[in-house]
Structures are given as structure tokens and as C-alpha cells.
Amino acid sequence: MKTSIIIVTYNGMKWISKCLASIPTEFSVIVVDNNSTDGTVQFIHQNYPQFIIFEGKQNLGFGQANNRGISYALQQNADYVYLLNQDAYLEEDTIQKLINIHQQYPEYGILSPIHTNASQTKLDARFSNYVGFKYNSDFYSDFVLDNNKKEIYSVPFVNAAGWLLPKNTLLNVGGFDPIFFHYGEDDNYCQRVRYHNLKIGVVPNAFMVHDREDRKENKLSKGSKAYFKNKEKNLKVKYANINLNDFEKYDELLANCRNNMWKQFFLFKFKNAKWHRLVLKFLKSIKEEMRQSIEFNRKKGTWYLDS
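The numbering used here applies: residue 15 is where the sequence shown begins, and numbers increase by one.
Written out as C-alpha cells, the structure reads:
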């Protein structure tokens, strides 16, 4: 079985040495760099000349950069690809354990190890939510109550910091949807995997360190560029979900916004009317790409990947 590890880098010098050193030598490695300026690419060239490196002249974002690496891996006849964050570190047997489980449970389209924090003393905080009672009622119960452990636990979502993707997943689901730049693309991909009758699973005896800070989310200034970027991501995750058949609700959202705009205008609250007009323009600007996304992603195929 041929497995390629794909790492998207962007100014990753803080982590890249430890990340690359954690990769077993039997796996091929494809690095897609998003125009780093901190010496990341030079470090890899000097210390890992055997790795394939695609040096981007612009930041493609997480999803499209991974698509480039996945496309190359498939062209090299990979049976599996493993998406590894630049701030994540493997154990020696992490990937092989995931492959072994997939061989037993081929219905799984995404397999993930357990994510620990940097000190390996706790689960990664966000990861701990993905395996919570709401999403899998057995995971924590099995460990706390000393029940028999399952070999894999089904969940509706796990973030893409460490995904094993079998070739079958890529041939049927495709790559990441380019309507997402950074964040939201893994939510969307999990939605598509489930739509195409594949499962998402966490393997409890495979581990990976995710060396990220527990960042506090900053409150976004209403109307700022960051505010609208975050709103766009959330709307696309919700309304471009191909498992739902209610895209017409987006038209209701538009209608409500339009009605509020005119209501505020006739009440002589022009500042509020101007705000609703701005939001309405924004909502209209992303409608068509979401509609096209739904149409494309409901079909099987290697969408968004180079053949």
C-alpha cells in the first residue's frame, strides 16, 4: 500500500522541524507551501531534499493547497493520503494503525487518530468536543466506565489536522471545495463524505500531537472584513450542506434582510437601513457559488482535483 503524507505550510518554522522529524521514513511526503516568508521552504530543502515541495507564489488557503498535494499523490498512484497539519506530530505507528483499521472497516471515508495537546497530558480541547456524548455516546463512557473499547468510533465531524483519506474517498468525494479559503472546508468535506454513504471515524489506539495554543476567540468588530469573512464561512457551512434539501431557506434569509432594510428606511433609521443594505449585498454575492457547490458535490467524482 502506497501512502503519501501531505503537509500544507505557511510560515511554519515554529513547528516544522518537529513535524517532519515525526514522519516515518517509509512514507512519501508532499509539502505544499502557501508563500511562506520565514524560511520554512529553505529549511525543508536543506534538511529533507527527498521531499516533494510545491512552492506557491500566493496563499491558496488550506483546502486548495491540499488539493494540489492530493492531486499529485493520486497521479503517483497513492492508495492513501494522510493530511498532516504543520503544527502536528505523529507517533511512529499512527498512520499504520489507521490503515490497518481501514482494511477491516472499508466503509470509513475519513479516519483520524486521537489528538492530544502539546504536552500530551490532555486531549486537544477542540478535539475533545468532536468525540463528546452529543456526537458519540460511547466514546467517553467506554473509557471512564472501563467498557470494552471499540476499534473505531463514528463521529459526524473531526477536524482535518490529521486525516487518513483512502483513495476510494477521493475518487468519489473529490477534494476540498474552493468556496472555502481557510476554515469551514473540513466541515463541508465531512458533510460530503456522509452524503456519499461513507463514515468518519476516530481510532482510539492511534495518537497525534496537535501543538496549537488554546486561543481565545476575539470578538469581531461588526462590519469589519474579518466579521464578514467569518459570517461567510458560517453561512457556507450551513447552506452548502448537501445533506439538506432546504436551500430555499437562503432565499427567506435574503427576503427578511430586504424587508428589514425597507422597514428601517421608512422609519427614517437610515443608518440601520444602510447596514441591512450592506448585508443584503453580501448575502447575494455568495448565493450562486453555494448553489453551484451543492449541484457539483452531490455527484460522485474527483471534484477540485487535477486528473
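Every residue gets a Cβ at the ideal spot worked out from N, C-alpha and C, and that includes glycine.
As the structure is a prediction and not an experimental result, all values here were calculated from the model.
As assigned by DSSP and simplified to three states, the class of residue i
i, result
"Lys32", "helix"
"Ile256", "coil"
"Thr316", "coil"
"Phe41", "coil"
"Tyr86", "helix"
"Gly75", "helix"
"Ser307", "helix"
"Leu234", "coil"
"Val169", "coil"
"Glu69", "strand"
"Leu209", "Here the sequence assigns Tyr to residue 209, which means Leu is not the residue at that position. Looking at Tyr209 - three-state DSSP - the assignment turns out to be helix."
"Ala92", "coil"
Residue i, buried or exposed, once every other Cβ within 10 Å from all chains shown has been counted against 16
i, result
"Ala269", "exposed"
"Tyr241", "exposed"
"Arg312", "exposed"
"Thr108", "buried"
"Leu258", "exposed"
"Pro180", "buried"
"Glu199", "buried"
"Gly188", "buried"
"Asp320", "exposed"
C-alpha gap between residue i and residue j, whole angstroms
i, j, result
"Asn48", "Ser42", "20 Å"
"Asn131", "Glu227", "9 Å"
"Arg23", "Asn99", "Note on residue identity: the sequence assigns Thr, not Arg, to residue 23. Thr23 and Asn99: Cα-Cα distance of roughly 8 Å."
"Pro120", "Leu267", "40 Å"
"Leu184", "Ser85", "9 Å"
"Gly146", "Lys243", "28 Å"
"Leu34", "Leu178", "17 Å"
"Ile44", "Gly53", "17 Å"
"Ala175", "Val216", "13 Å"
"Asn25", "Thr51", "6 Å"
"Asn211", "Pro170", "12 Å"
"Ala87", "Phe65", "12 Å"
"Asn273", "Ser133", "52 Å"
"Asp101", "Val46", "14 Å"
"Thr135", "Asn255", "35 Å"
Residue range of the alpha helix (DSSP H) that includes residue i
i, result
"Thr51", "Premise fails: Thr51 is in no alpha helix (DSSP H) and is neither H nor E."
"Asn219", "No alpha helix (DSSP H) contains Asn219, which is instead part of the beta strand (DSSP E) from Lys213 to His224."
"Thr23", "No alpha helix (DSSP H) contains Thr23, which is instead part of the beta strand (DSSP E) from Thr17 to Thr23."
"Phe157", "Phe153 to Val158"
"Val145", "Taken as a continuous stretch (DSSP letters only), Val145 belongs to no alpha helix (DSSP H), as it is neither H nor E."
"Ile193", "It is not in any alpha helix (DSSP H) - Ile193 carries neither H nor E in the DSSP assignment."
"Glu262", "Glu262 to Phe280"
"Leu112", "Thr108 to Gln118"
Reference residue i; option with closest CA among the options
i, options, result
"Val111", "Ala174, Asn173, Thr17 and Asn73", "A small fix is needed here, since residue 111 is Lys in this sequence, not Val. That would be Thr17, whose Cα lies nearest to the Cα of Lys111."
"Ile193", "Leu212, Asp101, Lys247 and Val169", "Lys247"
"Val163", "Glu121, Tyr318, Asn186 and Ser151", "Inspection of the sequence shows that residue 163 is occupied by Lys rather than by Val. Out of Glu121, Tyr318, Asn186 and Ser151, Ser151 has the C-alpha closest to the C-alpha of Lys163."
"Asn219", "Phe153, Phe147, Asp260 and Ser307", "Phe153"
"Asn286", "Met275, Gly53, Leu97 and Leu185", "Met275"
"Asn186", "Tyr203, Phe261 and Leu281", "Tyr203"
"Trp29", "Val223, Asp201 and Glu106", "Val223"
"Gln117", "Thr54, Asn182, Gly315 and Phe141", "Asn182"
"Ser307", "Ile58, Leu294, Trp289 and Tyr253", "Tyr253"
"Ser126", "Asp191, Tyr167, Lys32 and Lys288", "Tyr167"
"Phe296", "Gln89, Leu137 and Lys239", "Lys239"
"Val251", "Arg291, Lys32 and Arg305", "Arg305"
"Phe195", "Asn61, Ala79 and Gln56", "Ala79"
"Lys213", "Asn81, Ala175, Ile115 and Leu97", "Ile115"
"Asp265", "Leu249, Tyr209, Arg140 and Thr51", "Leu249"
"Tyr94", "Ile19, Arg291, Lys283 and Lys233", "Ile19"
"Trp289", "Lys298, Gln278 and Arg208", "Gln278"
"Ser299", "Leu281, Thr316, Gly315 and Lys245", "Lys245"
"Leu97", "Glu40, Thr39, Leu292 and Phe190", "Phe190"
"Ala13", "Phe221, Phe157, Ser142 and Met15", "No statement about residue 13 is possible, as the shown extent of the chain runs from 15 to 321 and does not include it."
Beta strand (DSSP E) segment containing residue i, residue limits
i, result
"Leu178", "Gly176 to Pro180"
"Thr130", "Tyr122 to Thr130"
"Leu104", "Ala102 to Leu104"
Any non-hydrogen atom of the ligand GTP within 8 Å of residue i CB
i, result
"Leu112", "The ligand GTP is not part of the structure shown, which contains no ligands of any sort."
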